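Residues in the sequence shown are numbered from 117 upward in steps of one, following this note's numbering.
Using N, Cα and C, we set each Cβ at its ideal position, and we do this for glycine too.
Every value quoted in this text rests on a predicted model; they were computed, and no experiment measured them.
Scroll down for the structure; my scribbles are underneath it.
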Amino acid sequence: MRTAIETALLLHPNLNTLGAEELGWPVYKSIAKVVRIGYKEFGDDGIMAEQGLLPVYQAGPMNPTGQVRHPKVIAARAKTAAEQYTFVVLDRAYSGFEYARLLATHSYDEIMRISYEQQIKPFIERKVPFALALSPTKSFVSFALRPCGLLLLFSPDLSKKQETTHITNIILRARGSSFEHPTTRAFVKAMIHDSGRLEAEHRIALERVAAAETLWRKLAQGTNIEYQFSDEYAGLFRNPKTWKDASTHIYNEHLYPVFSNNRCRQNITGIPDNEEIAHRHVTVFAEHCY
């Protein structure tokens, strides 16, 4: 993600502020400070269109909250970026997770195609130049291949290719080494030479998310957190608001989510397979979150 932002700033020196979705990844603000530009957050479904702004949109479930943007919102963002000739950064950490629930009726390939068509394709069709920051290891339940990251750059103007390549090489050299990280290299080799097994592992992760979402959805019915498991939310995490002293009550049950800014960030795949125990856990969260 930092490489994507640095590349955008070198390609477009007029950019002076990083725009991010509210309740997005906290690291965005840190990156903005390190690269010495301003930072501004936009509300739900916001479209970033201010002069000098570099928009960062999450291309999938929101990292902390699990919210999934409606396709119409994504299309509107792409349309605005195209009309204003805006370079965009797309953060894609959880490819396909927003449609894990469809595995019972759709193939793996169909799910990944739907995800691409709704999250990425609108920007390509509108010929919006963008940097796609991929964190592929987050798409695997074990996170075993961390750290690993890929950056893809799209420009409809082929005359920019040489300049873009030159700038990315400068950024890599500035880090003191132009060598590839061994984990990233291993991941890319697997994509090329063993994509079938890699996709099978990714499918297992999607199945785990789908199973967890199904159980949470069932047990959270009629509670304060039922909406967190509607089709408007997906992926590994949820981040509901909390009532007073929620952390004390939840920690007393030996459940250890992350509390910050009166919110409770949960990894939903931690729910036990035993439905009786799972019900107790969901009840605790539902009593102290909303």
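- Residue 154 is bridged by DSSP to 133.
- Three or more Cβ pairs closer than 8 Å define a contact, and the segment 136-146 falls short of that threshold against the segment 269-285.
- Under the DSSP definition of a beta bridge, residue 358 partners with 405.
- With respect to the C-alpha of residue 188, the residue from 378, 196, 181 having the closest C-alpha is 196.
- Taking the CA atoms as reference points, residue 314 sits about 7 Å from residue 307.
- Under a 10 Å Cβ-count criterion, residue 138 is classified as exposed, with fewer than 16 other Cβ atoms of the shown protein chains found around its own Cβ.
- If you draw a 10 Å sphere on the C-beta of residue 397, you find 16 or more other C-beta atoms in it, and that means buried.
- Judged by pairs of C-beta atoms under 8 Å, the segment 205-220 touches the segment 344-355, as three or more such pairs exist.
- For residue 375, the enclosing beta strand (DSSP E) stretches over residues 374-376.
- CA-to-CA, the gap between residue 395 and residue 335 works out to about 6 Å.
- Inter-residue distance for residue 150 and residue 304 is about 29 Å (C-alpha atoms, whole angstroms).
- Sequence-distant partners of residue 287 (beyond 5 residues in either direction) whose C-beta falls short of 8 Å from its own C-beta, in its chain, are 119, 122, 123, 126.
- Closest in alpha carbon position to residue 198, among 244, 319, 230, 147, is 244.
- Put simply, the segment 171-181 touches the segment 229-244. At least three CB pairs are less than 8 Å apart.
- Contact annotation: residue 322 and residue 212 have beta-carbon atoms nearer than 8 Å.
- Listed as beta-bridge partners of residue 173 by DSSP are 206.
- If you draw a straight line from the Cα of residue 403 to the Cα of residue 177, it is about 25 Å long.
- The segment 190-275 contains, as complete alpha helix (DSSP H) runs of 4+ residues, the segments 224-235, 237-241 (chain order).
- Excluding residues up to 5 positions away in sequence, nothing lies with its Cβ nearer than 6 Å to the Cβ of residue 327 in the same chain.
- Only exposed fits residue 166, as fewer than 16 other CB atoms lie within 10 angstroms of its CB.
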